[in-house]
Amino acid sequence: MVIKIRILDNVNRSRLKSVLQISVSLAVTLLCLFLAFRQISFQQILASSNEINWWIVVLASVMAILAIGLRAWRWQMILKPIKHLQFGKVFNFTMIGFMANNIFPAHAGELVRAYLMGRKTKTGFFSVSSTILIERLFDGVAIIVLLVIIMLFIDGPNWLHYGSIAAAITVLSALLLLGVLASNQSKLRVLLFRLLDLLPKKIKPKVRAKLDAFLYGLNMLKDWNTILPVIALSFLLWLFMGLTVYVILISFPITNYVAINMELLSLTTVILLSLAVIIPSSPGYIGVTQLVFITTFGLFTDPETIDGIVKSYILNGSIIFNFTQYLPVTILGIILLFKEGLSFKSLNVKKKSMTSKTLPTKVEIASE
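Under our numbering, the letters of the sequence shown match residues 35 to 402, in that order.
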(Lines of atoms letter the chains of each structure in order from A and count residues from 1; the text may use other names and numbers.)
(Lines give C-alpha, C1' and ligand atoms only; values in the text may rest on other atoms or scores of the structure.)
Protein backbone atom coordinates (compact mmCIF):
# COMPACT_ATOMS: atom_id res chain seq x y z
CA MET A 1 0.00 0.00 0.00
CA VAL A 2 2.81 2.36 0.92
CA ILE A 3 4.57 1.53 -2.35
CA LYS A 4 1.41 2.29 -4.35
CA ILE A 5 1.00 5.64 -2.62
CA ARG A 6 4.63 6.53 -3.35
CA ILE A 7 4.25 5.56 -7.00
CA LEU A 8 1.08 7.65 -7.34
CA ASP A 9 2.80 10.55 -5.59
CA ASN A 10 5.72 10.37 -8.03
CA VAL A 11 3.31 10.20 -10.99
CA ASN A 12 1.37 13.22 -9.72
CA ARG A 13 4.57 15.19 -9.19
CA SER A 14 5.73 14.30 -12.69
CA ARG A 15 2.42 15.43 -14.17
CA LEU A 16 2.46 18.64 -12.15
CA LYS A 17 6.01 19.34 -13.31
CA SER A 18 5.01 18.74 -16.94
CA VAL A 19 1.96 20.99 -16.66
CA LEU A 20 4.04 23.73 -15.01
CA GLN A 21 6.75 23.42 -17.66
CA ILE A 22 4.22 23.62 -20.49
CA SER A 23 2.44 26.56 -18.85
CA VAL A 24 5.66 28.56 -18.42
CA SER A 25 6.75 27.80 -22.00
CA LEU A 26 3.37 28.81 -23.39
CA ALA A 27 3.31 32.02 -21.34
CA VAL A 28 6.82 32.98 -22.55
CA THR A 29 5.86 32.21 -26.15
CA LEU A 30 2.71 34.34 -25.99
CA LEU A 31 4.57 37.21 -24.31
CA CYS A 32 7.31 37.15 -26.96
CA LEU A 33 4.74 37.07 -29.77
CA PHE A 34 2.90 40.02 -28.21
CA LEU A 35 6.10 42.07 -27.89
CA ALA A 36 7.15 41.23 -31.45
CA PHE A 37 3.82 41.96 -33.16
CA ARG A 38 2.38 44.69 -30.93
CA GLN A 39 3.11 47.63 -33.29
CA ILE A 40 2.26 45.86 -36.54
CA SER A 41 -1.19 45.33 -37.97
CA PHE A 42 -2.45 42.02 -39.31
CA GLN A 43 -3.09 43.71 -42.66
CA GLN A 44 0.60 44.65 -42.94
CA ILE A 45 1.70 41.10 -42.14
CA LEU A 46 -0.75 39.75 -44.71
CA ALA A 47 0.32 42.29 -47.36
CA SER A 48 4.03 41.59 -46.90
CA SER A 49 3.41 37.84 -47.06
CA ASN A 50 2.60 38.34 -50.75
CA GLU A 51 6.32 39.05 -51.22
CA ILE A 52 7.30 35.56 -50.04
CA ASN A 53 9.36 33.70 -52.63
CA TRP A 54 8.57 30.01 -52.21
CA TRP A 55 11.80 29.00 -53.92
CA ILE A 56 13.60 30.78 -51.09
CA VAL A 57 11.58 28.71 -48.62
CA VAL A 58 12.76 25.55 -50.40
CA LEU A 59 16.37 26.79 -50.42
CA ALA A 60 16.25 27.70 -46.71
CA SER A 61 14.84 24.23 -45.96
CA VAL A 62 17.75 22.60 -47.79
CA MET A 63 20.17 24.88 -45.94
CA ALA A 64 18.66 23.80 -42.61
CA ILE A 65 19.45 20.17 -43.46
CA LEU A 66 22.96 21.10 -44.63
CA ALA A 67 23.58 22.93 -41.34
CA ILE A 68 22.76 19.74 -39.45
CA GLY A 69 25.13 17.94 -41.80
CA LEU A 70 27.88 20.33 -40.65
CA ARG A 71 26.94 19.60 -37.03
CA ALA A 72 27.13 15.87 -37.69
CA TRP A 73 30.55 16.21 -39.34
CA ARG A 74 31.84 18.13 -36.33
CA TRP A 75 30.31 15.63 -33.89
CA GLN A 76 31.93 12.77 -35.81
CA MET A 77 35.32 14.44 -35.20
CA ILE A 78 34.60 14.90 -31.48
CA LEU A 79 33.46 11.27 -31.16
CA LYS A 80 36.51 9.86 -32.97
CA PRO A 81 38.70 9.37 -29.83
CA ILE A 82 35.87 7.27 -28.37
CA LYS A 83 34.88 5.37 -31.49
CA HIS A 84 35.18 5.97 -35.22
CA LEU A 85 31.63 6.08 -36.59
CA GLN A 86 30.39 6.42 -40.14
CA PHE A 87 29.13 9.89 -41.05
CA GLY A 88 25.71 8.51 -42.01
CA LYS A 89 25.17 7.04 -38.55
CA VAL A 90 26.22 10.27 -36.82
CA PHE A 91 24.03 12.33 -39.17
CA ASN A 92 21.00 10.14 -38.45
CA PHE A 93 21.24 10.57 -34.68
CA THR A 94 22.02 14.28 -34.97
CA MET A 95 18.85 14.72 -37.02
CA ILE A 96 16.83 12.59 -34.59
CA GLY A 97 18.10 14.73 -31.72
CA PHE A 98 17.08 17.98 -33.40
CA MET A 99 13.71 16.47 -34.28
CA ALA A 100 13.26 15.66 -30.58
CA ASN A 101 14.28 19.24 -29.70
CA ASN A 102 11.51 20.45 -32.01
CA ILE A 103 8.93 18.26 -30.27
CA PHE A 104 9.96 18.12 -26.61
CA PRO A 105 10.65 21.11 -24.33
CA ALA A 106 13.82 21.92 -22.38
CA HIS A 107 16.26 20.80 -25.13
CA ALA A 108 15.42 17.17 -24.32
CA GLY A 109 16.64 16.23 -27.78
CA GLU A 110 20.24 16.48 -26.57
CA LEU A 111 19.61 13.80 -23.95
CA VAL A 112 17.69 11.68 -26.43
CA ARG A 113 20.55 11.98 -28.92
CA ALA A 114 23.14 10.98 -26.33
CA TYR A 115 21.09 8.05 -25.08
CA LEU A 116 20.21 6.61 -28.48
CA MET A 117 23.72 7.07 -29.88
CA GLY A 118 25.25 5.55 -26.75
CA ARG A 119 23.00 2.50 -26.84
CA LYS A 120 22.94 1.81 -30.56
CA THR A 121 26.70 2.25 -31.07
CA LYS A 122 27.70 0.83 -27.65
CA THR A 123 29.66 3.97 -26.80
CA GLY A 124 27.69 4.68 -23.61
CA PHE A 125 25.36 7.48 -22.58
CA PHE A 126 27.83 9.34 -20.36
CA SER A 127 30.71 9.26 -22.85
CA VAL A 128 28.46 10.57 -25.62
CA SER A 129 26.98 13.19 -23.26
CA SER A 130 30.42 14.66 -22.64
CA THR A 131 30.98 14.99 -26.41
CA ILE A 132 27.69 16.88 -26.76
CA LEU A 133 28.76 19.19 -23.93
CA ILE A 134 32.06 19.81 -25.76
CA GLU A 135 30.10 20.46 -28.95
CA ARG A 136 28.00 23.12 -27.24
CA LEU A 137 31.01 24.78 -25.64
CA PHE A 138 32.73 25.12 -29.02
CA ASP A 139 29.48 26.60 -30.31
CA GLY A 140 29.79 29.08 -27.47
CA VAL A 141 33.37 29.98 -28.39
CA ALA A 142 32.40 30.67 -32.01
CA ILE A 143 29.33 32.67 -30.97
CA ILE A 144 31.29 34.83 -28.51
CA VAL A 145 34.07 35.61 -31.00
CA LEU A 146 31.55 36.51 -33.70
CA LEU A 147 29.60 38.63 -31.22
CA VAL A 148 32.75 40.55 -30.27
CA ILE A 149 33.43 41.22 -33.97
CA ILE A 150 29.83 42.34 -34.50
CA MET A 151 30.05 44.77 -31.58
CA LEU A 152 32.94 46.53 -33.33
CA PHE A 153 30.44 47.60 -36.00
CA ILE A 154 27.32 48.41 -33.97
CA ASP A 155 26.69 50.55 -30.92
CA GLY A 156 24.81 47.94 -28.92
CA PRO A 157 22.87 48.57 -25.70
CA ASN A 158 24.30 47.81 -22.25
CA TRP A 159 22.41 44.52 -21.94
CA LEU A 160 24.21 43.25 -25.04
CA HIS A 161 27.64 44.21 -23.70
CA TYR A 162 27.05 42.76 -20.23
CA GLY A 163 25.39 39.67 -21.67
CA SER A 164 28.37 39.08 -23.95
CA ILE A 165 30.80 39.36 -21.05
CA ALA A 166 28.75 36.96 -18.92
CA ALA A 167 28.49 34.45 -21.78
CA ALA A 168 32.23 34.67 -22.47
CA ILE A 169 33.15 34.06 -18.83
CA THR A 170 30.74 31.11 -18.56
CA VAL A 171 31.79 29.36 -21.77
CA LEU A 172 35.54 29.86 -21.38
CA SER A 173 35.45 28.79 -17.71
CA ALA A 174 33.53 25.63 -18.58
CA LEU A 175 35.88 24.84 -21.47
CA LEU A 176 38.92 25.38 -19.24
CA LEU A 177 37.41 23.12 -16.57
CA LEU A 178 36.77 20.32 -19.06
CA GLY A 179 40.26 20.75 -20.50
CA VAL A 180 41.76 20.31 -17.03
CA LEU A 181 39.56 17.27 -16.33
CA ALA A 182 40.62 15.71 -19.63
CA SER A 183 44.23 15.54 -18.42
CA ASN A 184 45.05 12.27 -16.66
CA GLN A 185 47.59 14.13 -14.50
CA SER A 186 45.13 16.83 -13.41
CA LYS A 187 45.03 17.45 -9.65
CA LEU A 188 41.36 18.36 -10.01
CA ARG A 189 40.70 14.98 -11.61
CA VAL A 190 42.55 13.21 -8.77
CA LEU A 191 40.54 15.20 -6.21
CA LEU A 192 37.31 14.27 -7.97
CA PHE A 193 38.08 10.56 -7.69
CA ARG A 194 39.10 10.95 -4.04
CA LEU A 195 35.73 12.50 -3.31
CA LEU A 196 34.13 9.29 -4.54
CA ASP A 197 35.54 7.58 -1.45
CA LEU A 198 32.98 9.53 0.58
CA LEU A 199 30.13 7.73 -1.18
CA PRO A 200 28.50 4.59 0.23
CA LYS A 201 30.22 1.42 -1.01
CA LYS A 202 26.98 0.20 -2.57
CA ILE A 203 26.76 3.00 -5.16
CA LYS A 204 30.44 3.94 -5.45
CA PRO A 205 31.27 1.49 -8.31
CA LYS A 206 28.32 2.69 -10.41
CA VAL A 207 29.16 6.37 -9.91
CA ARG A 208 32.84 5.65 -10.63
CA ALA A 209 31.93 3.85 -13.87
CA LYS A 210 29.72 6.74 -15.02
CA LEU A 211 32.38 9.31 -14.14
CA ASP A 212 35.02 7.28 -16.01
CA ALA A 213 32.75 7.15 -19.05
CA PHE A 214 32.11 10.90 -18.93
CA LEU A 215 35.83 11.73 -18.63
CA TYR A 216 36.64 9.29 -21.44
CA GLY A 217 34.41 11.36 -23.70
CA LEU A 218 36.67 14.38 -23.09
CA ASN A 219 39.64 12.74 -24.82
CA MET A 220 39.40 14.94 -27.91
CA LEU A 221 40.42 17.93 -25.78
CA LYS A 222 43.92 16.42 -25.61
CA ASP A 223 44.41 16.47 -29.38
CA TRP A 224 45.00 19.78 -31.17
CA ASN A 225 44.73 17.98 -34.50
CA THR A 226 41.06 17.47 -33.62
CA ILE A 227 40.46 20.70 -31.72
CA LEU A 228 41.47 23.03 -34.57
CA PRO A 229 39.18 21.46 -37.23
CA VAL A 230 36.33 21.42 -34.69
CA ILE A 231 36.84 25.14 -34.00
CA ALA A 232 36.94 25.86 -37.75
CA LEU A 233 33.72 23.88 -38.32
CA SER A 234 32.04 25.73 -35.44
CA PHE A 235 32.74 29.08 -37.09
CA LEU A 236 31.69 27.73 -40.48
CA LEU A 237 28.44 26.44 -39.00
CA TRP A 238 27.40 29.78 -37.49
CA LEU A 239 28.43 31.74 -40.56
CA PHE A 240 26.32 29.32 -42.60
CA MET A 241 23.37 29.87 -40.25
CA GLY A 242 23.83 33.60 -40.75
CA LEU A 243 23.82 33.01 -44.50
CA THR A 244 20.49 31.19 -44.15
CA VAL A 245 18.94 34.22 -42.43
CA TYR A 246 20.50 36.48 -45.08
CA VAL A 247 19.00 34.44 -47.94
CA ILE A 248 15.57 34.71 -46.33
CA LEU A 249 15.71 38.44 -45.53
CA ILE A 250 17.06 39.62 -48.89
CA SER A 251 14.07 37.98 -50.58
CA PHE A 252 12.05 40.90 -49.17
CA PRO A 253 12.52 44.49 -50.44
CA ILE A 254 13.76 45.73 -47.06
CA THR A 255 16.60 47.83 -48.49
CA ASN A 256 14.08 49.74 -50.63
CA TYR A 257 12.82 51.33 -47.41
CA VAL A 258 15.89 51.52 -45.18
CA ALA A 259 19.67 51.59 -45.71
CA ILE A 260 20.99 48.66 -43.71
CA ASN A 261 23.86 46.19 -43.83
CA MET A 262 21.90 42.98 -44.47
CA GLU A 263 24.93 40.72 -44.01
CA LEU A 264 25.69 42.11 -40.56
CA LEU A 265 21.99 42.16 -39.62
CA SER A 266 21.61 38.49 -40.57
CA LEU A 267 24.69 37.33 -38.66
CA THR A 268 23.74 39.37 -35.58
CA THR A 269 20.23 37.93 -35.68
CA VAL A 270 21.38 34.32 -35.67
CA ILE A 271 24.00 34.96 -32.98
CA LEU A 272 21.50 36.64 -30.64
CA LEU A 273 18.98 33.90 -31.40
CA SER A 274 21.52 31.28 -30.35
CA LEU A 275 21.75 33.01 -26.96
CA ALA A 276 18.01 33.56 -26.62
CA VAL A 277 17.00 29.92 -27.08
CA ILE A 278 17.96 29.23 -23.46
CA ILE A 279 14.71 31.03 -22.59
CA PRO A 280 11.99 28.44 -21.88
CA SER A 281 9.53 28.62 -24.77
CA SER A 282 7.49 26.31 -26.94
CA PRO A 283 9.34 23.70 -29.02
CA GLY A 284 10.65 25.28 -32.21
CA TYR A 285 11.33 28.56 -30.36
CA ILE A 286 8.21 30.18 -31.77
CA GLY A 287 7.82 33.65 -30.29
CA VAL A 288 11.43 33.89 -29.16
CA THR A 289 12.54 33.82 -32.82
CA GLN A 290 10.13 36.60 -33.80
CA LEU A 291 11.17 38.79 -30.87
CA VAL A 292 14.89 38.30 -31.61
CA PHE A 293 14.43 39.15 -35.31
CA ILE A 294 12.55 42.38 -34.59
CA THR A 295 14.82 43.35 -31.65
CA THR A 296 17.98 42.83 -33.70
CA PHE A 297 16.50 44.93 -36.50
CA GLY A 298 16.01 47.67 -33.91
CA LEU A 299 19.75 47.65 -33.14
CA PHE A 300 20.46 48.75 -36.72
CA THR A 301 17.66 51.29 -37.11
CA ASP A 302 15.35 53.55 -35.16
CA PRO A 303 12.20 51.41 -34.93
CA GLU A 304 10.01 54.46 -34.31
CA THR A 305 10.89 55.95 -37.70
CA ILE A 306 10.55 52.76 -39.74
CA ASP A 307 7.37 51.99 -41.64
CA GLY A 308 5.34 49.07 -40.31
CA ILE A 309 5.58 47.26 -43.63
CA VAL A 310 9.38 46.89 -43.15
CA LYS A 311 8.87 45.37 -39.71
CA SER A 312 6.33 43.00 -41.23
CA TYR A 313 8.98 41.88 -43.74
CA ILE A 314 11.33 41.12 -40.86
CA LEU A 315 8.63 39.18 -39.01
CA ASN A 316 7.65 37.23 -42.11
CA GLY A 317 11.32 36.39 -42.49
CA SER A 318 11.35 35.09 -38.92
CA ILE A 319 8.30 32.93 -39.65
CA ILE A 320 10.02 31.45 -42.71
CA PHE A 321 13.13 30.77 -40.61
CA ASN A 322 10.99 29.02 -37.97
CA PHE A 323 9.17 27.00 -40.60
CA THR A 324 12.30 25.87 -42.45
CA GLN A 325 14.16 25.00 -39.24
CA TYR A 326 11.19 23.08 -37.87
CA LEU A 327 9.23 21.19 -40.53
CA PRO A 328 11.99 19.69 -42.75
CA VAL A 329 14.12 18.74 -39.73
CA THR A 330 11.19 17.18 -37.87
CA ILE A 331 9.96 15.18 -40.87
CA LEU A 332 13.43 13.91 -41.80
CA GLY A 333 14.18 13.18 -38.13
CA ILE A 334 11.07 11.00 -37.86
CA ILE A 335 11.99 9.16 -41.08
CA LEU A 336 15.51 8.48 -39.78
CA LEU A 337 14.11 7.41 -36.40
CA PHE A 338 12.24 4.58 -38.11
CA LYS A 339 15.23 3.87 -40.36
CA GLU A 340 17.30 3.20 -37.23
CA GLY A 341 14.70 0.67 -36.10
CA LEU A 342 13.25 2.88 -33.37
CA SER A 343 9.70 4.00 -32.71
CA PHE A 344 8.25 7.36 -31.78
CA LYS A 345 6.65 5.77 -28.72
CA SER A 346 10.01 4.53 -27.50
CA LEU A 347 11.49 7.99 -28.09
CA ASN A 348 8.87 9.48 -25.77
CA VAL A 349 9.70 6.87 -23.13
CA LYS A 350 13.38 7.75 -23.35
CA LYS A 351 12.66 11.46 -23.07
CA LYS A 352 10.79 10.80 -19.84
CA SER A 353 13.57 8.55 -18.59
CA MET A 354 16.27 11.10 -19.36
CA THR A 355 14.44 13.90 -17.56
CA SER A 356 13.65 11.86 -14.46
CA LYS A 357 15.77 12.10 -11.33
CA THR A 358 17.74 8.93 -12.03
CA LEU A 359 18.80 7.22 -15.18
CA PRO A 360 17.49 3.70 -15.62
CA THR A 361 20.11 0.97 -15.49
CA LYS A 362 18.35 -0.79 -18.33
CA VAL A 363 15.85 0.61 -20.79
CA GLU A 364 14.70 -1.36 -23.78
CA ILE A 365 14.94 0.28 -27.19
CA ALA A 366 12.17 -0.47 -29.64
CA SER A 367 14.11 -2.74 -31.91
CA GLU A 368 14.29 -3.78 -35.47
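For each residue, glycine too, the CB sits at the ideal point set by N, CA and C.
Give me the Cβ distance between residue i and residue j, rounded to the nearest whole Å; I'm assuming they're in contact under 8 Å.
{"i": "L150", "j": "L376", "result": "7 Å"}
{"i": "F355", "j": "V279", "result": "6 Å"}
{"i": "S161", "j": "A247", "result": "5 Å"}
{"i": "M275", "j": "V304", "result": "5 Å"}
{"i": "M111", "j": "I368", "result": "The Cβ separation is near 27 Å, so there is no contact."}
Would you kindly report the start and end of the unbroken alpha helix (DSSP H) that includes residue i?
{"i": "Q120", "result": "Element bounds for Q120: n/a, residue is neither H nor E."}
{"i": "N192", "result": "N192 to A216"}
{"i": "G332", "result": "V322 to F334"}
{"i": "S316", "result": "Counting along the chain, S316 falls outside any alpha helix (DSSP H), and DSSP gives it neither H nor E."}
{"i": "D246", "result": "K238 to Y250"}
{"i": "N259", "result": "W258 to L283"}
{"i": "D173", "result": "F159 to M185"}
{"i": "G143", "result": "A142 to K154"}
{"i": "E85", "result": "From DSSP, E85 is part of no alpha helix (DSSP H); its letter is neither H nor E."}
{"i": "P362", "result": "G342 to K373"}
{"i": "R223", "result": "K221 to L229"}
{"i": "G303", "result": "In the sequence as presented, Gly is not what sits at residue 303; that position holds Thr. Note, T303: alpha helix (DSSP H), M296 to A310."}
CA-CA distance, residue i and residue j?
{"i": "E417", "j": "I265", "result": "Residue 417 lies beyond the range of the chain shown here (35 to 402); nothing can be said about it."}
{"i": "L113", "j": "S268", "result": "15 Å"}
{"i": "F125", "j": "L306", "result": "26 Å"}
{"i": "K117", "j": "F127", "result": "15 Å"}
{"i": "I320", "j": "V281", "result": "20 Å"}
{"i": "D341", "j": "I284", "result": "17 Å"}
{"i": "G351", "j": "S164", "result": "35 Å"}
{"i": "T289", "j": "G332", "result": "15 Å"}
{"i": "G318", "j": "F138", "result": "9 Å"}
{"i": "I399", "j": "V363", "result": "Per-residue confidence for I399 stands at a pLDDT of 36, beneath the threshold of 50, marking its modelled position as unreliable; no derived number is given."}
{"i": "K51", "j": "I294", "result": "45 Å"}
{"i": "K236", "j": "R228", "result": "16 Å"}
{"i": "P263", "j": "Q77", "result": "48 Å"}
{"i": "I203", "j": "L211", "result": "12 Å"}
{"i": "T406", "j": "L64", "result": "Here the chain covers residues 35 to 402 and nothing more, so residue 406 does not appear."}
{"i": "W89", "j": "T358", "result": "12 Å"}
{"i": "L309", "j": "L299", "result": "16 Å"}
{"i": "D257", "j": "G122", "result": "24 Å"}
{"i": "A243", "j": "V224", "result": "15 Å"}
{"i": "V62", "j": "I56", "result": "10 Å"}
{"i": "L80", "j": "C66", "result": "20 Å"}
{"i": "L119", "j": "L273", "result": "26 Å"}
{"i": "G152", "j": "I166", "result": "12 Å"}
{"i": "D336", "j": "R49", "result": "45 Å"}
{"i": "T157", "j": "I199", "result": "36 Å"}
{"i": "F159", "j": "P115", "result": "15 Å"}
{"i": "F286", "j": "G190", "result": "25 Å"}
Can you check whether the CB of residue j is closer than 8 Å to the CB of residue i?
{"i": "N259", "j": "A216", "result": "no"}
{"i": "L100", "j": "L270", "result": "no"}
{"i": "K154", "j": "E374", "result": "yes"}
{"i": "R108", "j": "G131", "result": "no"}
{"i": "L245", "j": "K238", "result": "no"}
{"i": "L54", "j": "S316", "result": "no"}
{"i": "L349", "j": "I74", "result": "yes"}
{"i": "V322", "j": "I313", "result": "yes"}
{"i": "V326", "j": "V292", "result": "no"}
{"i": "G174", "j": "A142", "result": "no"}
{"i": "M129", "j": "L370", "result": "yes"}
{"i": "I178", "j": "V205", "result": "yes"}
{"i": "L232", "j": "V241", "result": "no"}
{"i": "L27", "j": "L301", "result": "For residue 27 there is no data in the structure shown, the boundaries of the chain being 35 and 402."}
{"i": "S82", "j": "Y347", "result": "yes"}
{"i": "L255", "j": "A208", "result": "no"}
{"i": "V214", "j": "L226", "result": "no"}
{"i": "N136", "j": "Y360", "result": "yes"}
With 8 Å as the threshold, decide whether the Cβ of residue i is near any Cβ in chain C.
{"i": "G103", "result": "Although the question refers to chain C, the structure presented lacks it and comprises just one protein chain."}
For residue i, verify whether its CB is less than 7 Å away from any heavy atom of the ligand ATP.
{"i": "R242", "result": "Here there are no bound small molecules, and the ligand ATP is not part of this structure."}
Between the stretch 62 to 70 and the stretch 87 to 98, do at least 3 Cβ pairs fall closer than 8 Å?
no
Does the stretch 194 to 203 come into contact with the stretch 173 to 186, if we say contact requires no fewer than three beta-carbon pairs (one atom in each stretch) closer than 8 Å?
yes
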